[in-house]
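In the working numbering, the protein residues as written are 570 to 1176.
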């Protein structure tokens, strides 16, 4: 059987010390000391509670006065009340700091993902690591929070074991050996259960994920229309039922395994306790042991077993937690491909504009055999409006991502005012760009927040200006709360759903609001109808006034507004010029243009 043994980059002690550092970052540096104090208090409470009954019997056997008896009992009860009160207070006092430490890590995980080098976002290894790191922090029972409870348990078990061993040294040596031996066997059986669970964790996760997938699909608003139109309800529910039955079969198999393990565990418990109890009872019958010590030894034997199993389980849990924390740390340590610290200062703009140049640039995606872009040489002058066209797969979007610094070229270099962009702090470089990408995200927030990406709009007039340029002014004014209307229904029930075209206009308004010197537009009108698209084209010059812009479109008619057009084919620039010059040259661009023109004419006739 494969053992649960994974060697991480850091050992258990190093990961524990890292958590101590994280507690300081989260401004709860006292977590460690309170955990230790809480463990000591728990040990004292257990020991005092265990000694109470034997002490009462001893007082009765020795014939002490009722006054001494009552004083002793009152003192013990008072001590237990005080200790339990302090322990309870510490428990509640620690709950929020423990959560704060874990949520601080969750926030750092999210921050890492949002600012990491873009190639990492498409890296399968990084994505799996991010998923595991998130899983190690997604609830109160995970390593990044529960480790403080385990520190408390280790302290409690360690001090308790020491005390119980001292008490039982007055008995025969083989009693201790029996207790230790059976406890180790019990622990081994429990480990077998954990081992089985570990070996089948991926199977269980896959089955559960399948159940949750169909559950989410059954209540998905977007899919709801398809369910009704295509009559998918019965088919979807059959798939859902099958997923549930398969998952239930796995759970049933697991529970059968647990039952047999628990039976063996019960037999060992009877063996240990039975032999030990009989031996101690024999001493009482023979007159060699008072009743008070009989009760003490019986309680100590049970507690010793519990503490031994507890400390072994806690050590195993700490090792498992160490592996989870190790994953989180490896995620944070994941190598960044770009320079995010230091770097030279961005060059001064030429009249507020920048020149971009690609020199002998080739780019190949990881694990691909061919270049997506090959030997591209391109200079975009300050303030120039460049269109990039071509069939799907020609490399248009990849070119945009190289210019914007999302990728570094496999060969060649991308220059900003003659300086390789690798020399700059990449985050500073990103500030030069506004963009509308094919894949965009609308936040479940107000229209104002979606455009400004700020808590408070500092320039509401500017917001309305870009909304007007994006052709969304009438829509927003007709909404009940105007700019404060919430988009989406994932968080707020009163949210409004926009059409695909309206969402694209909103993203265009966001790009215009940033007012960066370089504007990148990757199919900015793909979701718009021809009339709305034509309206955007007529506003294109005012949108890009005073800016350098790169515009990708599969509709060649839109390119006539640009200063220069690049036709890409199989990762190469095969034609270049203005719209009119390319039409006159009667090359590939002209052929594509006339094919599209015929299509739109037919569409207009039949429309």
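Glycine included, each C-beta is placed from N, C-alpha and C at the ideal position.
> Pairing CB atoms from the segment 850 to 864 with CB atoms from the segment 693 to 705, are three or more of them under 8 Å?
Replying inline: no
> Could you give the distance in angstroms between the alpha-carbon of residue 1022 and the alpha-carbon of residue 1003?
Replying inline: 13 Å
> In this structure, does DSSP put residue 931 in helix, strand or coil?
Replying inline: strand
> residue 1012: beta carbon under 7 Å from a heavy atom of the ligand FMN?
Replying inline: The ligand FMN is not part of the structure shown, which contains no ligands of any sort.
>> For a test of the three-state rule: what should DSSP assign to residue 1166, helix, strand or coil?
In response: helix
> Does the segment 1111 to 1126 come within contact of the segment 958 to 967, defined as at least 3 CB pairs closer than 8 Å?
Replying inline: yes
> When the Cα of residue 623 is compared with those of 1067, 713, 867, which residue comes out closest?
Replying inline: 867
> To the nearest whole angstrom, what separates the beta carbons of residue 747 and residue 845, a pair I think is in contact under 8 Å?
Replying inline: 7 Å
> Who does residue 1133 pair with in a DSSP beta bridge?
Replying inline: 955
> Would DSSP call residue 1123 helix, strand or coil?
Replying inline: coil
>> By the three-class DSSP mapping on this structure, what secondary structure does residue 669 have?
In response: helix
> What first and last residue would you give for the beta strand (DSSP E) that runs through residue 981?
Replying inline: 980 to 985
> Taking three-plus beta-carbon pairs below 8 Å as touching, is the segment 608 to 623 in contact with the segment 721 to 733?
Replying inline: yes
>> Which residue marks the beginning of the beta strand (DSSP E) containing residue 821, and which one marks its end?
In response: Here residue 821 belongs to no beta strand (DSSP E); instead the alpha helix (DSSP H) covers 802 to 854.
> Residues bridged to residue 1182 by DSSP?
Replying inline: This structure does not reach residue 1182, given that the chain is present from 570 up to 1176, and the question cannot be answered.
> Between which two residues does the alpha helix (DSSP H) containing residue 618 stretch?
Replying inline: 600 to 630
> Going by other Cβ atoms of all chains shown within 10 Å of its Cβ, with 16 needed for buried, is residue 580 buried or exposed?
Replying inline: exposed
>> In whole angstroms, give me the CA-to-CA distance for residue 688 and residue 945.
In response: 20 Å
>> Runs of 4 residues minimum, wholly inside the segment 690 to 778: which ones carry the alpha helix (DSSP H) assignment?
In response: 693 to 704, 712 to 737, 742 to 768
>> Taking the alpha-carbon of residue 1158 as reference, which of 1128, 1132, 1140 has the nearest alpha-carbon?
In response: 1128
> So what does DSSP say about residue 1138, is it helix, strand or coil?
Replying inline: strand
>> Just to confirm, is the Cβ distance from residue 1038 to residue 908 under 8 Å?
In response: no
> Can you list, in chain order, the residues of its chain whose CB lies under 6 Å from that of residue 1145, leaving out five sequence neighbours each side?
Replying inline: 1135
>> Could you compute how far the alpha carbon of residue 935 sits from the alpha carbon of residue 1007?
In response: 21 Å
> So, using beta-carbon positions, are residue 1066 and residue 1059 closer together than 8 Å?
Replying inline: no
>> I need the DSSP call for residue 1075, collapsed to helix, strand or coil.
In response: helix
> Per DSSP, residue 904 forms a beta bridge with which residues?
Replying inline: In the DSSP output, where bridge partners are listed per residue, residue 904 has none listed.
>> My output table needs one value for residue 1128: the three-state DSSP class, helix, strand or coil.
In response: helix
> Taking all protein chains shown into account, do 16 or more other C-beta atoms lie within 10 angstroms of the C-beta of residue 592, making it buried, or fewer, making it exposed?
Replying inline: buried
> So, helix, strand or coil for residue 937, using DSSP?
Replying inline: coil
> What residue does the alpha helix (DSSP H) around residue 1018 start on, and which one ends it?
Replying inline: 1016 to 1021
>> Just verifying my parser: in three-state terms, what is the DSSP assignment at residue 948?
In response: strand
> Which of helix, strand or coil does DSSP assign to residue 857?
Replying inline: coil
> Smallest Cα separation from residue 649: which of 669, 1162, 639, 615?
Replying inline: 615
> Based on the DSSP output, what are the partners of residue 989 in its beta bridges?
Replying inline: 984
>> I need the DSSP call for residue 922, collapsed to helix, strand or coil.
In response: strand
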